[in-house]
Structures are given as structure tokens and as C-alpha cells.
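Okay, structure first, notes after.
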Amino acid sequence: MKQPIIAPKHVGLILDGNRRWARQRGLPTLEGHSRGYDNLKVITKHAINSGISYVSAYIFSTENWQRAPKEVKYLMELAHRILTKDVIELDQENIRVVWLGSRDRLSRKLLAAIRKAEEKTKDNTRGTLALCFNYGGQQEILDAVKKIVHHDIGLKNITTEVLENALYVPEVPSVDLLIRTSGEKRVSGFMLYRAAYAELYFSDKYWPDFGVLDFDNALAEYAERERRLGK
């Protein structure tokens, strides 16, 4: 049975193509990440202004630790800037910020910034920005299983609900629309559990060039689809 489409509650973004965008223009790789983050701020505000409740941005995967130390260092500094400086503007916009990812390998400085940003914005209700940083879909499920085992609730008591409540930031709902830029057509481990029935939208544009009109085109295509949700 088909189910009538509704506007997405949760949009996931795979911010792909920052480095290629920079190389194409003869710019340093880090400039691509900087421009990509500037674009994320624009798209997030536009999405929430459009009535979308949750925006999840895949910024740094658990595999990205393998990148050049200079690039990793920059991305860690970027995360800290988001959580300590940009969070002020997000808070004024009544937007909640959550860290959706593993906290292993993070510096004490960054961990403290995460706690403060989440505490500062926890009561905001206009929308939620989930920073998927040090995130991997398989790692999220593995960490959820470990949490369940640690609480020793008994095999018979393990349900779908129990697993969902053990995920990172469990109040973040399933992804309705997943957008990936740069022409790549794969999910790369993003939201493996929560995106089980997500509608997928792929754009050939690199993330820094993916503008508000492109985002609106993705929403328009989503609105034309009929979601069966396995039925």
C-alpha cells in the first residue's frame, strides 16, 4: 500500500566534494572545507526556515582519521569553532545543536565544547542541527550493541525499541530524505539504521556549490515520490 508523501521531518546531508571543489580552483584543500562549512550554515538555516525539524550533516567519518594530519587538525578546529562560536548564533535562532558520533579519540578540549554547546541549546525548539562528526554507521550500531550488553537486560528483552534507544542521540528520528553531493551514488555508512527507508537524492554539484535552489529542487522531487516504507 502506498503512503501519501509529506514534507521531510529529517534531512540528512552528505557534504561531499569539498576537496575536489578546491582542487578544481587551484585552492588549498582546507579552503574547500571552509567554503563547505559556510554553505552548511546557509542550507541549515534555509531548511529550518522551510519547516524541516532535523538536519544531520555528515562532516567527519570514523575513516577520515586516515587523512593528512593537517586536514584532520583543521577539521577538529572547525568542530571546536562551531561548538564555541557559531553556536551562539544558532542558539539565538532557537536551534538545538547535538553531536551525533563517537566521542572516542577526541581531545578533552573538544569534549568540553560538545558538552557546553549541547547544554546551551538543549531547550531550543525551532529545529535541530545534528553534527555527524567522528561518525560511522557501523560504529554507531556496534556502540549501541555494546551499550545494551553492558546493561545486561536479557536476550528476551532486546527489541527494536531498545536498539533505537541505544543509538547516538536517540531522539533524532529516522531520516526521510538523504542528500549526497558531488555525483557519488552511495551512502558511505551514513545513518545506516536511521536511513533504512530514506528517499535518496544525488546531485552532481560539489557541496560548496550546492545552493538553496538545489536544496529546494531536492525537496520538490521528494514531494513527488510516494513512500511505501516496506508496505
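With the first letter of the sequence shown counted as 1, position 152 gets the number 151 in numbering that gives the first Met the number 0; the numbers rise by one all the way through. Cβ coordinates follow ideal geometry from the N, Cα and C atoms, glycine included.
Look at Gly25 here: in three-state DSSP terms it is coil, with no helix or strand label. In this structure, the beta-carbon distance from Asp15 to Ser202 does not fall below 7 Å. A residue is called buried when at least 16 other Cβ atoms come within 10 angstroms of its Cβ; Asp175 meets this threshold and is buried. By the C-beta density criterion, His32 is buried, having at least 16 other C-beta atoms within 10 angstroms. With contacts defined as CB atoms closer than 7 Å, Trp206 and Asn48 fail to qualify as a contacting pair. Gly135 sits close to Ser60, with the two beta carbons spaced by under 7 Å. Just so you know, the alpha carbons of Tyr196 and Ser173 end up roughly 8 Å apart. The segment 82 to 89 makes contact with the segment 97 to 115: 3 or more CB pairs, one atom from each, lie closer than 8 Å. For Leu154 and Thr124, the gap between their C-alpha atoms comes out near 36 Å. By the CB criterion at 7 Å, Tyr53 and Val168 fall outside the cutoff.
Inclusion of Ala165 and Ile147 in the CB contact set at 7 Å is warranted, their separation being smaller than that value. A straight line joining the alpha-carbon of Leu212 with that of Pro7 spans about 17 Å. Per DSSP, reduced to three states, the secondary structure at Ser55 is strand. Across the structure, Thr28 and Gly35 are spaced so that their CA atoms are roughly 11 Å apart. DSSP, read as helix, strand or coil, puts Ser181 in coil. Under the 10 Å beta carbon count, Gln137 is surrounded by fewer than 16 other beta carbons and is classified as exposed.
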